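The structure under discussion appears below in the form of structure tokens.
Residue numbers (our numbering), protein chains in the order written: chain A, 271 to 581; chain B, 314 to 728.
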């Protein structure tokens, strides 16, 4: 088995094409495992994975936990709401205490940019980023890439359009780094208050303010979840205007290719970023994304652990 | 007091460094006569610079003396060659004359020159005016915002209008809090790439413009602390042309670092005024060259280790600099601006802004000096710093030049 160049998964910016290829190829194998009657392999038997979630999460945490269990790892869930963090313990102390219990891998979600790297700098455990602030959410992007490859055969030369709150989206950031590394062309589109103003470092992507133009040549459209608090912060006037201007609707898709894939990281605000008939329509691959999420996370955990059970 | 003979030393006298000579130092003065029973130190050709003056000292005492106190601060000044500084604490607003009197007592270390900024609002909250006349009578050299939000414009007007009776200067860190909006870093491509909330340049320029307009309207002298972008310098130049009495400083680290350091996500780079782009850094250097910038500030702001040993966004902002300011800045300053201007920016001009005595060196006069070997190097290690703090963004780096010792208030300290 080839080894990953990376020792931890902090994000996809700077991760090589070879590493992403390796993860996606292994994810495809684990995808097949998930179709078996017994959906479990012994790959991480004897290893302990801690899911350290300082932010609320249902589907990502569940997806990681399922991935870990299907790799036969021992898993522990740690959430800030029921932990010593509430009593004022620092992040480093929390990690060191958990690490003293002889754990191997930490899956972490935190509101702060760079927390996974910070933990890796202060620990011997393997760190997997399950979302850090608005920075990166690498496993979400990997599952998006797997879904596109599964449906379209390759990412190379494909047009992927991401619509919505790009500025605050870790999903968009990870996708733009990962997808462009794999040869896809990424177009980003959103209201001017929700896209970054300084895009010099993101020059490999196309910025488009007109959503009709943005989706015209797309092979896949990723609609991002719109957080309701953006309205409170006066970044948008209303959900209604957002839906009418940037929502993925039947009328909008008349401007797009017939077979365009419709994707969403979930949970969906139906009737806001995505109309129900589109979310449940024949172009939607949203539930495939969810299944692929488990496979991708299995691949990431397996490869970062060194694939040792198969050696 | 002790006696010291510095051999093979090059003192800075009358605007230039002299050839290697011997300096006899006794009772805080550079004396002509030979000294008996004196400690002899071979300086190895090192430079004897007039001691430095620090703008932006915050030693935390009394309310946060768990972090740092004046003893630590004076220790840091000895290590870094600072004979004095302008003190303003964000934790301890000097908002009445009794507090000023108390802090003057706490800070009465022999030979050190501290100047103090009073707060113009009680607790820096911009709701109630302080008794500025009494504060001025007690010795406040000006009035400051404590590096906190001073954007309530009507209050600003009233504070400056009332304070104008004292003739003192008002000191502001220009930053519009509503535009800052929880941002911690410069709004630029590094922040956008990392998904971090940014502080746009207009947060500084809008605040600066409002203050300058008020200063013009009320004819009150103002000073801007830690200017971080070129656009603010242009506003200052324009205001001066219109007759506004405005001075400004730039922070030492803003001359050395820019927002590219964010990629390391080092919590030591989480500072109050964010590091801006490389072009802003260049504009600040141009400002030093053109004279738009009056002085370099140190903004010595100690933060506990545990408050920095966290991820970037959860870290307490602030950096210390007294111990390393000279080796960090001397070489680039001399290369770009010459040694006389370097000393002007680090010593004479800051002292002038703080209405403190200058530390000029001349035979027979009071001597506060720092011995600096510009041929050696300084490794920025935790042991370099006084007290229990080490929140320096240059930690681990190697700097050009090394402080060998300081003679401050008649006391020789070998570093």
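C-beta atoms are modelled at their ideal positions from N, C-alpha and C, and glycine is treated no differently. The structure presented is a predicted model; accordingly, all values stated were derived computationally and were not measured.
Cβ pair residue i, residue j closer than 8 Å
i, j, result
"residue 382 (chain A)", "residue 607 (chain B)", "no"
"residue 566 (chain A)", "residue 293 (chain A)", "yes"
"residue 509 (chain A)", "residue 414 (chain A)", "no"
"residue 518 (chain B)", "residue 544 (chain B)", "yes"
"residue 389 (chain A)", "residue 396 (chain A)", "no"
"residue 399 (chain B)", "residue 667 (chain B)", "yes"
"residue 635 (chain B)", "residue 367 (chain B)", "yes"
"residue 632 (chain B)", "residue 686 (chain B)", "no"
"residue 459 (chain A)", "residue 475 (chain A)", "no"
"residue 462 (chain B)", "residue 490 (chain B)", "yes"
"residue 432 (chain B)", "residue 416 (chain B)", "no"
"residue 278 (chain A)", "residue 325 (chain A)", "no"
Where the beta strand (DSSP E) through residue i begins and ends
i, result
"residue 717 (chain B)", "711 to 721"
"residue 428 (chain B)", "426 to 432"
"residue 348 (chain A)", "344 to 349"
"residue 402 (chain A)", "396 to 402"
"residue 683 (chain B)", "682 to 692"
"residue 337 (chain B)", "334 to 339"
"residue 633 (chain B)", "That residue, residue 633 (chain B), is in no beta strand (DSSP E); it is neither H nor E in DSSP."
"residue 464 (chain A)", "No beta strand (DSSP E) holds residue 464 (chain A); DSSP gives it neither H nor E."
"residue 310 (chain A)", "No beta strand (DSSP E) contains residue 310 (chain A), which DSSP labels as neither H nor E."
"residue 335 (chain A)", "It is not in any beta strand (DSSP E) - residue 335 (chain A) instead sits in the alpha helix (DSSP H) that spans 329 to 340."
Cutoff 6 Å; reference residue i; Cβ partners in own chain excluding five residues on either side
i, result
"residue 405 (chain A)", "383, 440"
"residue 492 (chain A)", "432, 533"
"residue 282 (chain A)", "408, 411, 444, 447, 448"
"residue 377 (chain A)", "321, 334, 398, 400"
Chain A within 8 Å of residue i, Cβ atoms only
i, result
"residue 496 (chain B)", "no"
"residue 650 (chain B)", "no"
"residue 627 (chain B)", "yes"
"residue 583 (chain B)", "no"
"residue 657 (chain B)", "no"
"residue 622 (chain B)", "yes"
"residue 631 (chain B)", "no"
"residue 593 (chain B)", "no"
"residue 458 (chain B)", "no"
"residue 708 (chain B)", "no"
"residue 492 (chain B)", "no"
"residue 543 (chain B)", "no"
"residue 619 (chain B)", "yes"
"residue 572 (chain B)", "no"
Same chain, Cβ closer than 7 Å to residue i, five either side skipped, listed in chain order
i, result
"residue 559 (chain A)", "413, 414, 417, 533"
"residue 487 (chain B)", "517, 520, 521, 524, 537, 545"
"residue 683 (chain B)", "362, 364, 365, 394, 639, 716, 719"
"residue 337 (chain A)", "564, 567, 568, 571"
"residue 710 (chain B)", "693"
"residue 301 (chain A)", "562, 565"
"residue 791 (chain B)", "Residue 791 (chain B) is absent from the structure shown; chain B starts at 314 and stops at 728."
"residue 573 (chain A)", "274, 292, 293, 296"
Any C-beta of chain B under 8 Å from that of residue i
i, result
"residue 467 (chain A)", "yes"
"residue 495 (chain A)", "no"
"residue 500 (chain A)", "no"
"residue 403 (chain A)", "yes"
"residue 324 (chain A)", "no"
"residue 505 (chain A)", "no"
"residue 387 (chain A)", "yes"
"residue 330 (chain A)", "no"
"residue 434 (chain A)", "no"
"residue 360 (chain A)", "yes"
Sequence-distant residues of its chain with Cβ nearer than 8 Å to residue i (five each side left out)
i, result
"residue 549 (chain A)", "532, 534, 538, 540, 556"
"residue 309 (chain A)", "303, 340"
"residue 345 (chain B)", "337, 676, 677"
"residue 574 (chain B)", "582, 588, 706"
"residue 290 (chain A)", "282, 412, 415, 448, 451, 452"
Span of the alpha helix (DSSP H), counted from its first residue to its last, around residue i
i, result
"residue 441 (chain A)", "440 to 451"
"residue 503 (chain A)", "Careful: residue 503 (chain A) lies outside any alpha helix (DSSP H) and carries neither H nor E."
"residue 603 (chain B)", "591 to 603"
"residue 368 (chain A)", "361 to 369"
"residue 481 (chain A)", "481 to 486"
Just to confirm the assignment: which complete alpha helix (DSSP H) runs, minimum length 4, are found wholly within the region 347 to 418 of chain B? 383 to 393
Quick check on the DSSP output: what are the complete alpha helix (DSSP H) runs of length 4 or more inside the region 526 to 555 of chain A, in order along the chain? 546 to 549
Beta strand (DSSP E) runs wholly inside the region 444 to 532 of chain B, at least 3 long, in chain order: 455 to 457, 482 to 485
List in chain order: all unbroken alpha helix (DSSP H) runs of 4+ residues lying wholly within the region 404 to 434 of chain A. 408 to 422
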